[in-house]
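Chemist:
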Amino acid sequence: MDWDEFYREAEYDRCAYLAGEEMADLLALFLETVAGDDGAMPRDLSSVGCGPAVVPFELAERYPEMDVYGYDLSETVVRDNRHLAAERGLENLHFAVDELPDLATDREFDVVYCVATLYFVADPESALRALFDLVREGGHLVVNYPTERLQRAVREEFDERKREAFHLVRDGENLITRERVGEVLGAKPHDYWSAVDATAVLEENPEWPTVYVEK
1021 MDWDEFYREA EYDRCAYLAG EEMADLLALF LETVAGDDGA MPRDLSSVGC
1071 GPAVVPFELA ERYPEMDVYG YDLSETVVRD NRHLAAERGL ENLHFAVDEL
1121 PDLATDREFD VVYCVATLYF VADPESALRA LFDLVREGGH LVVNYPTERL
1171 QRAVREEFDE RKREAFHLVR DGENLITRER VGEVLGAKPH DYWSAVDATA
1221 VLEENPEWPT VYVEK
């Protein structure tokens, strides 16, 4: 999938994936209750594979004291995001071009967020390690991952165009389990949807398991 071509040629929507508009509210709840359980909000957050960055924009507006970084492999969407952030006067919102699994940034963050991205990465284990390397000690990684359940959905429910975009999942080339996520990171994954009181999301969409891991 050529994502830069996709964003360059398409009239793409600025929308959040998985739970849609709820995703920003759910992550805000996570920041305030799990990542901020000592009474201090996270200082910074990165969204890796941010795309149109609906969640980063919302969080940057809600929490002006928190620095929010968005990374994506598409130069087009990064440029568009930068222009929109400037128009909105969001000086705490930053964007850069970067790509899993070989991330170039050497920053660390209190929270690293990577949702609806590993579906398109051929080596999810290397990507997970790269993401966890970005997490500051005591911080959290929030991530979801391609599973056999998602593979079935891709094969049976997706249209042809979407199946092609998810070809790695369709062909079983990048599937991973929650147990393997924990083994790769050397830390216990916890259910994200439970932590943000949104188990109904997973009940309705069991192909979207999402976890958080503390470093």
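To convert, note that position 139 of the sequence shown is 1159 in the working numbering; the numbers rise steadily by one, no gaps.
The beta carbon of each residue, even a glycine, is placed where N, CA and C say it ideally should be.
Tell me where the alpha helix (DSSP H) around T972 begins and ends.
Modeler: Any property of residue 972 remains undetermined from this structure, which presents the chain solely from 1021 to 1235.
Chemist: Just to confirm the assignment, what range does the beta strand (DSSP E) spanning D1100 have?
Modeler: That residue, D1100, is in no beta strand (DSSP E); its alpha helix (DSSP H) goes E1095 to E1107.
Chemist: At which residue ranges does the segment 1186-1212 contain complete alpha helix (DSSP H) runs of 4 or more residues, listed in the order of the chain?
Modeler: Restricted to the segment 1186-1212, the alpha helix (DSSP H) segments that are unbroken, complete and at least 4 residues in length are 1187-1190 and 1198-1205, listed in chain order.
Chemist: In angstroms with no decimal places, state the Cα-to-Cα distance between A1185 and D1217.
Modeler: When only Cα atoms are considered, A1185 and D1217 end up about 31 Å apart.
Chemist: Can you round the beta-carbon distance between V1097 and G1071 to whole angstroms, since I take them to be within the 8 Å contact cut?
Modeler: With 8 Å as the limit, V1097 and G1071 qualify as a contact, their Cβ atoms being about 6 Å apart.
Chemist: Output the distance between the C-alpha atoms of V1117 and R1127, rounded to the nearest integer angstrom.
Modeler: 14 Å
Chemist: Name the DSSP beta bridge partners of C1070, please?
Modeler: Beta-bridge pairing links C1070 to no other residue.
Chemist: Among residues of its own chain, excluding the 5 on either side of V1163, which ones have a beta-carbon nearer than 6 Å to its beta-carbon?
Modeler: C1134
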